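First up is the structure itself, then whatever we jot down about it.
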Amino acid sequence: MQETPLSDLIQQRIKKLSIIRSLGIEPYNGIFEPSDSTENIFKKFGELSKEELENENITLSVAGRIILLRDFGKAVFAHIQDSKGRIQIYLRKDILGEKFTPIKNLDIGDIIGVKGRLFRTKTNELTIEVHDFVFLSKALRPLPEKWHGLKDIEARYRQRYVDLIVNPSVKETFIKRQLIIKYLREFLENEGFLEVETPMMHTIAGGARAKPFKTYHEALDMELYLRIAPELYLKRLLVGGFERVFEIGKNFRNEGISTKHNPEFTMVEFYVAYKDYNWLMDFTEKLLSYITEKLCGSLQVKYGDYLIDFTPPYQRITMFDALRKKGLPEEAMKDCDLALQWAKAKGIEIPKGSSLSKVLDEIFKELVEPELIQPTFIIDYPVELSPLAKRKSDNPELVERFELFIAGREMANAFSELNDPLDQKDRFLRQLEERLKGDEEVPEMDEDFIKALEFGMPPAAGEGIGIDRLVMILTNNQSIRDVILFPLLRPETK
RNA sequence: GGGCCGCUAGCUCAGCAGGCAGAGCACCGCCCUUUUAAGGCGGGUGUCGUUGGUUCGAAUCCAACGCGGCUCACCA
1193 MQETPLSDLI QQRIKKLSII RSLGIEPYNG IFEPSDSTEN IFKKFGELSK EELENENITL
1253 SVAGRIILLR DFGKAVFAHI QDSKGRIQIY LRKDILGEKF TPIKNLDIGD IIGVKGRLFR
1313 TKTNELTIEV HDFVFLSKAL RPLPEKWHGL KDIEARYRQR YVDLIVNPSV KETFIKRQLI
1373 IKYLREFLEN EGFLEVETPM MHTIAGGARA KPFKTYHEAL DMELYLRIAP ELYLKRLLVG
1433 GFERVFEIGK NFRNEGISTK HNPEFTMVEF YVAYKDYNWL MDFTEKLLSY ITEKLCGSLQ
1493 VKYGDYLIDF TPPYQRITMF DALRKKGLPE EAMKDCDLAL QWAKAKGIEI PKGSSLSKVL
1553 DEIFKELVEP ELIQPTFIID YPVELSPLAK RKSDNPELVE RFELFIAGRE MANAFSELND
1613 PLDQKDRFLR QLEERLKGDE EVPEMDEDFI KALEFGMPPA AGEGIGIDRL VMILTNNQSI
1673 RDVILFPLLR PETK
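First residue of the first sequence? That's 1193 in the working numbering, and the numbers climb one at a time after it.
Next up, the structure:
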């Protein structure tokens, strides 16, 4: 590795570091236990007037990063920032005496601990008059500008740590992300679900149709896949007698990257025995309105130009009714050639060799999906598109499945689970034909999953929700990369 | 993978009818003990993404490449 030449700015700071050391201070060895967070200080004392503060003589300590610095010669004002806020500090030569000297080598970005008395300045800002301070970390690299912050998108993703320091809204997004997952878990646990962990390294990448990442186990001399979905393992747990299970975790799909796709993404999948997809729709409404209400304090959420309303019930339309509304003639819904013709007339490109179901799916994605702004359940899909879902009893060509769309995006996918082992095997076999035709995304036959079904799986409903996409909606972010701390990027070239 | 756009100082950005590389903030020096985008005086710190080409002369024009963004394609 070639050392990058250090810029003058870094050299200057290294020089300051050695000056500090020559004063007998080791700026990385300090230990400091703050008495309060900045948030706490404002909560406890934010209402006190100038006079009250003078009378009460409140002494406290905080630690944080210097983000603004104003040097007056014999006095210095600075703002320090901790995890939840910032507060002004005031350092005076006549108070600090000898300890004032190293302050001349303080930089924006340094982390210090200060102890002092709370007061209000002439302009009424709550401020700590510092009586003692400790260097906790000397920053060698300068932070981005105080006014414009860090805007360069690439730099924000590559150096998320800097992004988090200087762009408060970014930190907020990731705090909300954690809250969303917390409320989700809370809701499911209150409903009697057991959280489980199933393998992320699979010998067969099943449960979805996607190209997997490959990896290799040395000791077993065996190829493995990073999971594309936990579905087949969670259903094995239904066979095993768990009646309500869920898993929150990463899935990995070896596909294109976009504002809606990251190769690794977070899903929750949950399964309930003895329920069907109708029950699950009601349940989904409760789940989403619970999270939204708790997070936003309202069921209405601004997303870009939209106001998304999570108040149940959500509209439920069958896939075929949605197509009918778009003017697709009845005959075309039963005839592949007619459907193809109709799609072509509308300027929709359809991959060669597509079956009727696939053509209808393409038309749906093109014409219907983008218009599903408010939470909407699309229900009853063709069996061919849904190899793991249970057939409708009144129409075996359709399955009891729904997808939830919000802001024109697929948010959740759910169905009454197929628990007929022979039908399941049959559908896997039919898929295998596609695999033999060269479709790499069709999973191999999972014999063990069939075996599990042969032991008997209770009727059940299962659902997967894309957490990243839900976070996008609830935090008003337009790119999935803005809700993933470290999105995948090509390495920088030097 | 295709199309379009971007890459200039630590950061945010000008400069691109080819002619000595700029501003604000940050930084360095001096002054300043209630400032807050502190202020005053002085200082430009750069591989203009990379490599080639055109030209007397390229940040600027052309080509290839790299990284990123948007978009299309892909996407159970």
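Cβ coordinates follow ideal geometry from the N, Cα and C atoms, glycine included.
Please read all numbers here as calculations on a predicted model, not as lab measurements.
Leaving out the 5 sequence neighbours to the left and right, which residues in its chain are closer than 6 Å to residue i when beta-carbon positions are compared?
i	result
GLN1533	none
PHE1325	ILE1304 and VAL1306
LEU1590	ASP1572 and LYS1584
LEU1596	PHE1569, MET1603 and ALA1604
SER1549	PRO1574, GLU1576 and LEU1577
LYS1208	ASN1297
In whole angstroms, what is the alpha-carbon distance linking residue i and residue j?
i	j	result
THR1395	GLY1630	20 Å
LYS1368	GLU1522	46 Å
SER1432	TYR1463	According to the sequence displayed, residue 1432 carries Gly and not Ser. Distance between the alpha carbons of GLY1432 and TYR1463: 13 Å.
LEU1328	GLY1398	50 Å
THR1667	GLN1507	23 Å
GLU1609	LYS1427	9 Å
GLU1346	GLY1289	45 Å
GLU1541	VAL1551	9 Å
ARG1278	THR1230	6 Å
LEU1681	GLU1439	27 Å
LYS1338	VAL1362	16 Å
LYS1517	PHE1569	15 Å
ALA1644	ASN1611	10 Å
VAL1437	GLU1625	32 Å
ASP1527	PHE1385	43 Å
LYS1296	LEU1240	32 Å
ILE1281	ILE1272	7 Å
What residue does the alpha helix (DSSP H) around residue i start on, and which one ends it?
i	result
PHE1607	It is not in any alpha helix (DSSP H) - PHE1607 instead sits in the beta strand (DSSP E) that spans 1601-1608.
ASP1640	1639-1646
LEU1472	1469-1488
PRO1613	1613-1628
THR1510	From DSSP, THR1510 is part of no alpha helix (DSSP H) but of the beta strand (DSSP E) over 1507-1510.
ALA1347	1345-1350
LEU1245	1242-1248
Between which two residues does the beta strand (DSSP E) holding residue i run?
i	result
ASP1263	1251-1263
THR1458	1456-1465
VAL1591	1587-1598
THR1568	1568-1574
SER1329	1318-1329
ARG1369	No beta strand (DSSP E) contains ARG1369, which is instead part of the alpha helix (DSSP H) from 1360-1382.
VAL1663	Taken as a continuous stretch (DSSP letters only), VAL1663 belongs to no beta strand (DSSP E), being part of the alpha helix (DSSP H) at 1659-1667.
LEU1283	1277-1284
LEU1310	1303-1312
HIS1271	1267-1274
Quick one: what's got a C-beta closer than 8 Å to residue i's C-beta in the same chain, skipping five residues either side?
i	result
GLN1670	THR1451, GLY1496 and MET1664
ASP1638	ILE1396, GLY1398, LEU1424 and PHE1620
GLY1238	LEU1318
PRO1562	GLY1600
If residue i sits next to residue j, beta carbons under 8 Å apart, how far is it from one beta carbon to the other, in whole angstroms?
i	j	result
TYR1469	PRO1651	The Cβ separation is near 11 Å, so there is no contact.
ALA1267	LEU1283	7 Å
THR1365	ASP1674	7 Å
ILE1500	ILE1598	6 Å
LEU1332	VAL1358	Their Cβ separation, rounded to whole angstroms, is 17 Å, which puts LEU1332 and VAL1358 out of contact at 8 Å.
PRO1613	GLU1655	Actually they do not touch by this definition, with Cβ atoms about 22 Å apart.
ILE1300	ILE1233	Contact doesn't hold; Cβ gap of about 21 Å is too wide.
LYS1403	GLU1447	6 Å
PHE1457	LEU1418	Rounded, the Cβ-Cβ distance is 12 Å, inconsistent with contact.
LEU1335	VAL1354	7 Å
Can you list, in chain order, the residues of its chain with a C-beta nearer than 7 Å to that of residue i? Leave out the 5 residues immediately preceding and following it.
i	result
ILE1676	ASN1454 and ASP1660
ALA1556	In the sequence on display, residue 1556 carries Phe and not Ala. Cβ neighbours of PHE1556 beyond the five flanking positions: MET1511, ALA1514 and LEU1515.
| task | Would you list, in sequence order, the uninterrupted alpha helix (DSSP H) runs of no fewer than 4 residues that lie entirely inside the segment 1391-1465? | result | 1423-1431
| Of all the alpha helix (DSSP H) runs that stay within the bounds of the segment 1485-1564, which reach a length of 4 or more residues? | 1511-1517, 1528-1537 and 1548-1555
| task | Output the residue ranges of the alpha helix (DSSP H) runs that lie fully inside the segment 1196-1229 and measure 4 residues or longer, sorted by chain position. | result | 1200-1214
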